[in-house]
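Participant: This is the structure, below, for whatever I ask next.
Residue numbers (our numbering), protein chains in the order written: chain A, 9 to 302; chain B, 10 to 239.
The structure is reproduced here in structure tokens:
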């Protein structure tokens, strides 16, 4: 299953790109409208990019009234990314959307560009759980000292799955002035630099919880997606690559099928978790080869 | 419909400190003056936004100022290299104005070349940082050229329908002098098609995505307060 990372695609501005995905994940919606942070909001870095969009969104009322009906017309299942500043914000937004034709919620408890919610992830998940029976995917920061521990806490509170990972906080300076490039100084780092970080988080959380995981962080090719699946992802999301190549979903999907087949997997997601296999256990492609007898 | 294609690089020609990057057109449309394309430099995470400079038959031409890693990578391309290009994107200048005057600053002259092709002999007023940069004025034969410390806005007389592109201070000044001006704005942009929300510019009092609302903005859209004061 292929999704977009929240905030990396606007299905209303580019519905044909959204239709290349299995699920469209909205930009994070907060209870009140947010204009977002002032420019400059993005900067390229050596192996990725920084953003400080600041959760620009119309707020839950306008989202339900104006945005969601048009999103549903695009014809792709919709997950809504929900954000807030306290557990009640998340619960109220989930309750508000519970009767809508939304497939699942992603709880964004990890945006690096706005103040962190006051409560711990566990409380937010528990509050959202009370508000809806729809699937909840909790999106965690890779900066947590113990991401697997927080994943376990989210599981205890009733999350159905995890979205791993959000961006890492980073800073870039203008070489001519040595002043920060972004208006908020630091911002969220995404792209290739995030790839090994995402892999580590997915690997740890899969081992800790076994929950469904949407893996994301620097995927640019099918091989990158396969890595995340092997680490434990049960779905993959594309983020920064969509900025460069809006047709990336089609390419990554084809490359993923090919890369998985090359290793002997009938379906790409058959490779889920194989990075955790016992030492000496073989991949299907190698298992088919008769053992060499000396 | 978003079209992206790896185009063949035909030539990279020096024009003062600038590079004129010429590619094949593939199946992409050249679009209208003011519209832009996202070019993916080799080895970079993000594409870069460029107005089309002009469109010879079967070609696209972009004016590049090699000042950073992305633009240097573009200027370093060689004939035969493949360059992924997405576009055309955004809106365009309205050319059906009675008395057009093309006003450009530095690298901002790029879309005016394309506009001049379609307008015929429209007068142009161009400003550059140095005499070396001013060599790019060769793209607009007959243009009036000024070099800093003189600014184009010092030579801008009233009564023209201004089509302008250049640094933001120049555009602000042009908007004050010519309230009906069309201004091709610029902002850092990660995607060019509304996905990233990176190119926010204050338009009609609110932060909006330049790639969807622009890049060509009405003077009144960007300077309502200044215009009211005037």
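Cβ coordinates follow ideal geometry from the N, Cα and C atoms, glycine included.
So what's residue 98 of chain A in DSSP terms, helix, strand or just coil?
Facilitator: Residue 98 of chain A falls in the helix class under three-state DSSP.
Participant: What would DSSP say about residue 114 of chain B, mapped onto helix, strand or coil?
Facilitator: In the structure shown, residue 114 of chain B sits in a strand (DSSP, three-state: E or B).
Participant: Beta carbon of residue 37 of chain B, beta carbon of residue 68 of chain B: below 8 Å?
Facilitator: Not in contact: residue 37 of chain B and residue 68 of chain B (Cβ atoms no closer than 8 Å).
Participant: Could you have a look at residue 12 of chain A and say whether DSSP puts it in helix, strand or coil?
Facilitator: Strand.
Participant: Can you pull the chain B residues whose beta carbon is under 8 Å from the beta carbon of residue 64 of chain A, in chain order?
Facilitator: Residues of chain B passing the Cβ test: 206, 209, 216.
Participant: Hey, would you say residue 231 of chain A sits closer than 8 Å to residue 173 of chain A, going by beta carbons?
Facilitator: Cβ atoms of residue 231 of chain A and residue 173 of chain A: not closer than 8 Å.
Participant: Pull the bridge partners of residue 194 of chain B from the DSSP assignment, please.
Facilitator: For residue 194 of chain B, which the question treats as bridged, DSSP gives no partner whatsoever.
Participant: For residue 138 of chain B, go through chain A and note every residue whose CB falls closer than 7 Å to its CB, in chain order.
Facilitator: Simply none; closest approach about 14 Å.
Participant: Counting only beta-carbon separations shorter than 8 Å, does residue 255 of chain A have a partner in chain D?
Facilitator: The structure shown contains no chain D; its protein chains are A and B.
Participant: Mind the definition here: the region 84-103 of chain B touches the region 146-162 of chain B only if three or more C-beta pairs lie below 8 Å; say whether that holds.
Facilitator: Because the criterion of three Cβ pairs below 8 Å is not met, the region 84-103 of chain B and the region 146-162 of chain B do not touch.
Participant: Short of 9 Å Cβ to Cβ, which residues in the region 18-50 of chain A face chain B?
Facilitator: So the close ones are 18, 20, 21, 22, 24, 25, 35, 43, 44, 45, 46, 47, 48, 49, 50.
Participant: What is the DSSP secondary structure of residue 277 of chain A, reduced to helix, strand or coil?
Facilitator: Three-state DSSP puts residue 277 of chain A in a helix.
Participant: Beta-carbon separation of residue 79 of chain A and residue 20 of chain A under 8 Å?
Facilitator: Cβ atoms of residue 79 of chain A and residue 20 of chain A: closer than 8 Å.
Participant: Within 8 Å of any Cβ in chain A, is that where the Cβ of residue 104 of chain B sits?
Facilitator: So, not an interface residue.
Participant: Would you mind telling me which residues of chain A sit closer than 9 Å to residue 79 of chain B, beta carbon to beta carbon, in chain order?
Facilitator: Going along chain A in sequence order, the residues near residue 79 of chain B (Cβ under 9 Å) are 52.
Participant: Short of 8 Å in beta carbon distance, which residues of its chain neighbour residue 213 of chain A, apart from the five on each side in sequence? Order them along the chain.
Facilitator: Around residue 213 of chain A: 148, 155, 156, 159, 170, 172, 219, 221, 240.
Participant: Could you check whether the Cβ of residue 174 of chain A sits closer than 8 Å to any Cβ belonging to chain B?
Facilitator: No, residue 174 of chain A lies away from the interface with chain B (no Cβ there is under 8 Å from its Cβ).
Participant: Taking buried to mean at least 16 other C-beta atoms within 10 Å of its own C-beta, is residue 142 of chain B buried or exposed?
Facilitator: Residue 142 of chain B comes out buried.
Participant: Hey, could you find the ends of the beta strand (DSSP E) residue 27 of chain B is sitting in?
Facilitator: Where residue 27 of chain B is concerned, the enclosing beta strand (DSSP E) stretches over 27-33.
Participant: Alpha helix (DSSP H) containing residue 126 of chain B: first to last residue?
Facilitator: It spans 119-128 - the alpha helix (DSSP H) in which residue 126 of chain B sits, taken as one unbroken run.
Participant: Drop a sphere of 10 angstroms on the beta-carbon of residue 130 of chain B, count the other beta-carbons inside from all chains shown, and report buried for 16 or more, exposed for fewer.
Facilitator: Exposed, because fewer than 16 other Cβ atoms sit within 10 Å of the Cβ of residue 130 of chain B.
Participant: Extract the residue ranges of the alpha helix (DSSP H) inside the region 105-177 of chain A, only unbroken runs of 4 or more that lie entirely within it.
Facilitator: Correct list: 129-139, 155-164.
Participant: Can you pull the chain B neighbours of residue 258 of chain A, defined as C-beta to C-beta under 9 Å?
Facilitator: Correct list: empty, because the minimum Cβ distance to chain B is about 11 Å.
Participant: By a C-beta neighbour count over all protein chains shown, 10 Å radius and 16 as the cutoff for buried, is residue 268 of chain A buried or exposed?
Facilitator: Buried, by the Cβ-count rule.
Participant: At which residues does the beta strand (DSSP E) containing residue 47 of chain B begin and terminate?
Facilitator: From DSSP, the beta strand (DSSP E) with residue 47 of chain B extends over 45-48.
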